[in-house]
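If you're matching positions, the sequence shown starts at 1 in the working numbering and goes up one per residue.
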Amino acid sequence: RQISTDYANRELVLVGILKGAYCFYADLARAIRIPLRVDFLVVTSYGSKAKTSGQVKMVTDLTEDIKDKDVILVEDIVDSGLTVEFLTKKLARRKPTSIKVCTLLSKPDRREVNVKIEYVGFEIPNHYVVGYGLDYQQKYRNLPYLAVLDVADVDELLG
């Protein structure tokens, strides 16, 4: 509701960060009660394990022109903040009216950079979370719920 109120009578582009945000993004887009445009970015920052590589790379760019439009970046989880910082700076060069961030989950204790998040679903402690779009080594995205994963136990089981 807050997004619908904040962006009434404005040109909003809702940008999903794939792959992780796809479930949250779809539910969020359906809940927003004003006209909007949809678009997606694919970025990578994780290697084959659970730890971030620290380097963010855009794999697939937007198809929408965001100049003079309000943009909301939709994330599954903001951890280090590196992805949000990278995308905010990169997209700001395209001269949108505004760029704001919406995330389902936020881990403020893990921040490596200071990023502003305007819309936060839940702040969580430092646990590895899977399900509802979030993955571990490309698995568990399809779980219809969020779960804490003990990465050490999974790595031991998978060898």
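Ideal Cβ placement from N, Cα and C applies to all residues, glycine included.
Taking all protein chains in view, the Cβ of Gly54 is surrounded by fewer than 16 other Cβ atoms within 10 Å, so the residue is classified as exposed.
Straight through space, the alpha carbons of Leu87 and Asp68 are spaced by roughly 17 Å. Residue burial is scored here from C-beta neighbours: Tyr25 has at least 16 other C-beta atoms within 10 angstroms and is therefore classed as buried.
A Cβ-Cβ separation of about 5 Å places Cys102 in contact with Ile72 under the 8 Å criterion. Put simply, the backbone Cα of Pro96 is about 23 Å away from that of Lys19. Excluding five sequence positions before and after Ile117, the CB atoms of its chain that fall closer than 8 Å to its own CB belong to Val78, Val84, Val101, Cys102, Thr103, Ser106, given in chain order. Residue nearest to Leu143 within the set Arg93, Val74, Tyr132 is Tyr132 (criterion: CA-CA distance). Shown here for Glu112: same chain residues with a beta carbon closer than 7 Å to its own, the five before and five after excluded, namely Ser80, Gly81, Leu82 in chain order. Across the structure, Gly121 and Val74 are spaced so that their CA atoms are roughly 11 Å apart.
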